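Heads up, the sequence shown is in our numbering, so the first residue is 96 and it goes up one at a time.
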Amino acid sequence: MKQLILALFLLVNFSLVAQEDAYLYNPSFEGIPKPGQVPEAWVNCDRFGETPPDTHPSGAFGITKSAYEGRTYLGMVTRDNDTWESIGQELKQPLQAGKTYVFKAQLARSDRYISHSRLTGQQANYTIPARLKIWGGNNKLDIKQLFGETALVGSQKWEEHIITFTAEESYNFFLLEVFYESLESEAYCGHVLIDNASITLEEDAPFSGEEKLDETVSLEVLNNRIKELECNANVTEDNQMLFVKPTLISNVITFDELSQEMGLLPYVQSRSVDNLTAMIRNLEGVGAKQRADQLKEVIRLNMKSREGDLSKEEVELLKLYEDVKTQPVAKDDIPQLVNQFIELHKAELIEAVNACEDNFYFLRD
Numbered sequence: 096m097k098q099l100i101l102a103l104f105l106l107v108n109f110s111l112v113a114q115e116d117a118y119l120y121n122p123s124f125e126g127i128p129k130p131g132q133v134p135e136a137w138v139n140c141d142r143f144g145e146t147p148p149d150t151h152p153s154g155a156f157g158i159t160k161s162a163y164e165g166r167t168y169l170g171m172v173t174r175d176n177d178t179w180e181s182i183g184q185e186l187k188q189p190l191q192a193g194k195t196y197v198f199k200a201q202l203a204r205s206d207r208y209i210s211h212s213r214l215t216g217q218q219a220n221y222t223i224p225a226r227l228k229i230w231g232g233n234n235k236l237d238i239k240q241l242f243g244e245t246a247l248v249g250s251q252k253w254e255e256h257i258i259t260f261t262a263e264e265s266y267n268f269f270l271l272e273v274f275y276e277s278l279e280s281e282a283y284c285g286h287v288l289i290d291n292a293s294i295t296l297e298e299d300a301p302f303s304g305e306e307k308l309d310e311t312v313s314l315e316v317l318n319n320r321i322k323e324l325e326c327n328a329n330v331t332e333d334n335q336m337l338f339v340k341p342t343l344i345s346n347v348i349t350f351d352e353l354s355q356e357m358g359l360l361p362y363v364q365s366r367s368v369d370n371l372t373a374m375i376r377n378l379e380g381v382g383a384k385q386r387a388d389q390l391k392e393v394i395r396l397n398m399k400s401r402e403g404d405l406s407k408e409e410v411e412l413l414k415l416y417e418d419v420k421t422q423p424v425a426k427d428d429i430p431q432l433v434n435q436f437i438e439l440h441k442a443e444l445i446e447a448v449n450a451c452e453d454n455f456y457f458l459r460d
């Protein structure tokens with residue numbers, strides 16, 4: 096009887112809190128908060144015989160974060176046995192071939208998502224940043240087009256992510272999938288929390304742009320616009336160098352946030368060799384030599400650890416990097432170095448920001 100009352104309560108409140116969307120049913124993922132419980136109107140699209148995604152917050156897995164919209168939200172995980180979660184639904188109306196659409200969603204990461212490793216059976220915290228992919232198809236067994244994917248979701252605050260895509264064919268099924276950093280990444284325990292999604296025909300989407308920048312802009316404003324900018328500009332051989340410096344700044348800021356939030360060793364273990372190599376170059380590019388050397392050292396120790404070739408001193412040192420509370424502090428002040436880099440390359444960065452905004456960008460909350 097109690098379960099029936101709860102279900103009726105949620106059904107009534109779902110109709111009150113769920114925002115209208117021209118394409119998605121239940122875009123705010125309302126439902127009964129419960130592990131393995133997919134939100135109303137969505138279906139589990141698991142291909143691996145694993146448990147379904149979760150509706151939060153029920154307190155399960157240590158997650159108590161409040162919803163961005165309504166009362167509940169979706170949580171999907173990646174696992175260390177090379178499996179990951181996805182959900183989908185039949186749309187209210189099909190996405191039309193040749194039309195361009197804007198997908199938006201609020202995404203976040205929890206500092207706790209306690210479950211068990213599929214490889215070891217031991218307790219594991221599924222907190223390594225993952226990304227969201229969106230797909231179109233005819234049904235959950237006939238998925239045809241990858242529309243796009245977000246950046247890695249590392250922030251514990253709700254942040255708006257936007258993907259603009261053009262449908263190659265007409266599709267009446269839409270799929271959300273959580274995935275690792277890249278196809279080359281080793282499988283790891285991660286997750287993404289999702290709320291307040293929407294799909295809008297591009298010509299109906301409200302413009303979110305800001306005025307163009309010029310040489311009179313302050314360093315503070317320019318810095319904020321670069322940090323908040325995600326550019327979907329068409330990159331060509333003629334303009335590709337234009338976006339190198341904004342990308343470098345964005346990568347360094349993300350590294351600074353994640354390495355101080357999750358610890359340098361977990362950060363290294365969640366990244367591919369190519370990504371780590373690029374990050375070292377980025378850090379050196381803004382003059383953060385101590386942070387770059389520290390990253391190299393942790394990479395070296397992590398590789399030796401895999402080979403079982405660490406000395407006692409190295410074992411103790413590596414343990415320090417497992418937690419932000421114990422890891423050695425490098426003296427590089429990344430925010431200050433980034434500001435100096437922006438001042439040095441101000442004209443180029445203004446050009447790049449304006450070029451991105453000519454195509455498309457979004458601002459994080």
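Note that CB positions come from ideal geometry on N, CA and C, so glycine has one too.
Everything numeric in this text was worked out from a predicted model, so none of it was measured.
Which residues in the same chain as residue i place their Cβ atom closer than 7 Å to its Cβ, once the five residues preceding and following it in sequence are excluded?
| i | result |
| --- | --- |
| residue 214 | 175 and 176 |
| residue 189 | 265, 266 and 267 |
| residue 425 | 385, 386 and 389 |
| residue 296 | 194 and 196 |
| residue 302 | The predicted model places residue 302 with a pLDDT of 46, which falls under 50 and marks its position as unreliable; any figure quoted below should be read in that light. If we look at residue 302 and ignore the five residues flanking it on each side, it has no Cβ neighbours. |
| residue 352 | 249 |
| residue 422 | 358, 359, 415 and 416 |
| residue 409 | 396 and 399 |
Near residue i, which residues of its chain fall below 6 Å by C-beta distance, leaving aside the five closest residues on each side in sequence?
| i | result |
| --- | --- |
| residue 239 | 232 |
| residue 427 | 383, 385 and 386 |
| residue 440 | 340 |
| residue 279 | 367 |
| residue 253 | 163, 201 and 203 |
| residue 180 | 148, 171, 172 and 273 |
| residue 241 | 230 |
| residue 209 | 156, 157 and 220 |
| residue 153 | 128 and 129 |
| residue 356 | none |
| residue 293 | 116, 122 and 199 |
| residue 244 | 226 and 228 |
Could you name the residues of the same chain whose beta carbon sits closer than 8 Å to that of residue i, not counting the 5 residues immediately before and after it, in chain order?
| i | result |
| --- | --- |
| residue 276 | 224, 225, 226, 247, 365, 366, 367 and 370 |
| residue 150 | 124, 126, 127, 128, 129, 132, 133, 134, 167, 168, 169 and 170 |
| residue 398 | none |
| residue 379 | 387 |
| residue 289 | 124, 168, 169, 170, 171, 200, 201, 202, 227 and 271 |
| residue 259 | 195, 196, 197, 198, 243, 297, 327 and 455 |
List the whole-angstrom C-beta distance separating residue i from residue j, where the pair is believed to meet the contact cut-off of C-beta under 8 Å.
| i | j | result |
| --- | --- | --- |
| residue 207 | residue 157 | 3 Å |
| residue 359 | residue 416 | 5 Å |
| residue 432 | residue 413 | Incorrect: roughly 26 Å between the Cβ atoms, too far for contact. |
| residue 393 | residue 419 | Not quite, the Cβ-Cβ distance comes to about 13 Å (not below 8 Å), so this is no contact. |
| residue 262 | residue 192 | 6 Å |
May I ask you to list the residues that DSSP assigns as paired with residue i?
| i | result |
| --- | --- |
| residue 139 | 182 |
| residue 226 | 274 |
| residue 256 | 200 |
| residue 436 | None, per the DSSP bridge assignment. |
| residue 243 | 229 |
| residue 288 | 170 and 203 |
| residue 234 | 237 |
| residue 295 | 197 |
| residue 149 | 170 |
| residue 163 | Beta-bridge pairing links residue 163 to no other residue. |
| residue 248 | 225 |
| residue 266 | 190 |
| residue 261 | 195 |
| residue 420 | BP columns for residue 420 are empty, so no partner. |
| residue 129 | 150 |
Below 7 Å, is the gap between the Cβ of residue i and the nearest heavy atom of the ligand ZN?
| i | result |
| --- | --- |
| residue 154 | Within the structure as shown, the ligand ZN is missing, as the structure has no ligands at all. |
Query raised in the report: What residue ranges within the stretch 181 to 219 form continuous alpha helix (DSSP H) runs of no fewer than 4 residues, ordered along the chain?
Result: none
Query - Continuous alpha helix (DSSP H) assignments of at least 4 residues falling wholly in the stretch 333 to 388 - result: 339 to 357, 359 to 364 and 368 to 380
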